[in-house]
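Residue numbers (our numbering): 1386 to 1648. The beta carbon of each residue, even a glycine, is placed where N, CA and C say it ideally should be.
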Amino acid sequence: MSDVRNDDAYTPAEMARRVETVGVAKARLPLLPLATLALLAGAFIAFGALFYTVTVTGSVLGYGPTRLLGGVAFSLGLVLVVVGGAELFTGNALIVMAWADGKVGLAALLRNWGVAYAGNFLGAVATAVAVWQSGVLAAAGGAVAGTAIAIAEAKAALPFVEAFVRGVLCNALVCLAVWLTFSARRVAGKVLAIVFPITAFVALGFEHCVANMYLMPIGMLAGADLGLADVAANLLPVTLGNIVGGGVFVGLVYYVVYVRPAK
């Protein structure tokens, strides 16, 4: 007779140990696999962002329902990252747990983040170029291109502090989604754990730096009147906010609650 316990979710204390173990493994990844998986993560998030763009284009459902539906579509990106396996800068903020416990050095943490960030950027931009060349933006009589332009210009217009705070809130939800996947024993459980937090961050209008690595370039390719300086001005505060939201408000908080008392 099978053990019913094997079908139960992992407890939060067990999840913390699993997150820490995975964080150590991520920090020790050789350069080539790390860079390759980072490129994939950038492309995966770009696919989710493209799915979102097409989904909300021409919607007559109203603001809230349209954002909700778009958020569900965007969840594809993190599902691909978690289930398929990839190195996503924002999710890797959780390596802070292993760093705080002394199992990962600061240099190893920053190495992972640096390679993941660069790889995510290249993967997202390459996907934007491929999407532009594919002709998808011309769908719905060019309405998809119009949506891409509007999204990019709205992001460029965000003030620094607002972009930073939206970045904090976004990656708190993204890292909570990743955290929740460590409770699941099956793929279906991981997918379900991802969908609600990711849908929430998208519907609420929060800012994800890797998504913006696709959304702003694709908007520029579609015709948005933006330059590289506008992209950098958005990515800087959003990236800093993402680090705080995921690394501090999720990683360090759960370290203090579950890992530190067990030492």
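Three-state secondary structure (DSSP) of residue i
i       : result
Glu1538 : helix
Tyr1437 : helix
Leu1589 : coil
Val1404 : helix
Leu1453 : helix
Ser1519 : helix
Leu1650 : Residue 1650 lies beyond the range of the chain shown here (1386 to 1648); nothing can be said about it.
Ala1569 : coil
Arg1551 : helix
Tyr1395 : coil
Pro1415 : coil
Pro1544 : coil
Span of the alpha helix (DSSP H) around residue i
i       : result
Ile1628 : 1613-1628
Pro1646 : Here Pro1646 belongs to no alpha helix (DSSP H), and DSSP marks it neither H nor E.
Pro1602 : 1594-1607
Glu1472 : Looking at the DSSP string, Glu1472 is not in any alpha helix (DSSP H), and its letter there is neither H nor E.
Val1489 : No alpha helix (DSSP H) contains Val1489, which DSSP labels as neither H nor E.
Cβ shell of residue i (< 7 Å), same chain only, five flanking positions each side left out
i       : result
Ala1420 : Val1500, Gly1504
Ala1533 : Thr1438, Leu1522, Ile1603, Gly1604, Ala1607
Phe1567 : Tyr1395, Met1400, Arg1403, Val1404
Tyr1643 : Pro1397, Ala1398, Ala1401
Ile1628 : Ala1478
Ile1579 : Ser1460, Leu1463, Val1464, Val1467, Ala1562, Thr1566
Top-ranked residue by Cα proximity to residue i, from the options
i       : options                            : result
Glu1547 : Asn1619, Tyr1448, Gly1526, Cys1560 : Asn1619
Val1481 : Trp1517, Ala1541, Gly1408          : Gly1408
Arg1571 : Val1468, Ala1537, Leu1425          : Val1468
Pro1450 : Val1587, Val1629, Tyr1599, Leu1606 : Val1587
Asp1610 : Gly1508, Ala1412, Ala1541          : Ala1541
Leu1561 : Gly1630, Gly1447, Pro1646, Ala1410 : Gly1630
Val1589 : Val1457, Ala1509, Pro1646, Asp1615 : First, the residue type needs correcting, since residue 1589 is Leu and not Val in the sequence shown. Here the closest residue by C-alpha is Val1457.
Val1641 : Ala1483, Ala1426, Leu1446          : Ala1483
Thr1440 : Asn1627, Val1529, Ala1511          : Val1529
Ala1426 : Ile1536, Val1595, Gly1574          : Val1595
Phe1429 : Met1601, Ala1617, Val1466, Pro1622 : Val1466
Ala1511 : Leu1625, Ile1536, Leu1600, Val1633 : Leu1600
Val1633 : Pro1582, Leu1491, Ala1485, Ala1525 : Ala1485
Phe1581 : Leu1558, Asn1597, Gly1531, His1593 : Leu1558
Pro1622 : Pro1646, Leu1637, Asn1597          : Asn1597
Asn1497 : Leu1417, Val1635, Tyr1639, Asp1615 : Leu1417
Val1616 : Val1445, Glu1538, Trp1564, Gly1508 : Glu1538
Residues near residue i in its chain [Cβ-Cβ closer than 6 Å; skip 5 each side]
i       : result
Tyr1502 : Phe1474
Met1386 : With a pLDDT of 39 at Met1386, under the threshold of 50, the modelled position of that residue is not reliable, and the figure given next carries that caveat. Answer for Met1386: no residue qualifies.
Leu1422 : Ala1471, Glu1472
Asp1388 : Because the pLDDT of Asp1388 is 44, which lies under 50, any placement of that residue in the model is unreliable, and the number read from its coordinates should be weighed accordingly. Counting only Cβ-Cβ distances below 6 Å, and skipping sequence neighbours, we find nothing.
Gly1433 : Phe1459, Leu1461, Gly1462
Val1576 : Val1464
Phe1669 : A question about residue 1669 goes unanswered here, because the residues of the chain that appear run from 1386 up to 1648.
Gly1574 : none
Lys1488 : Val1409
Thr1624 : Cys1594
Interface flag, residue i vs chain D, CB-CB below 7 Å
i       : result
Phe1474 : No chain D is present in this structure, which holds just one protein chain.
Cutoff 8 Å; reference residue i; Cβ partners in own chain excluding five residues on either side
i       : result
Asp1392 : Arg1570
Leu1453 : Thr1584, Ala1588
Trp1517 : Ile1603, Leu1606, Ala1607
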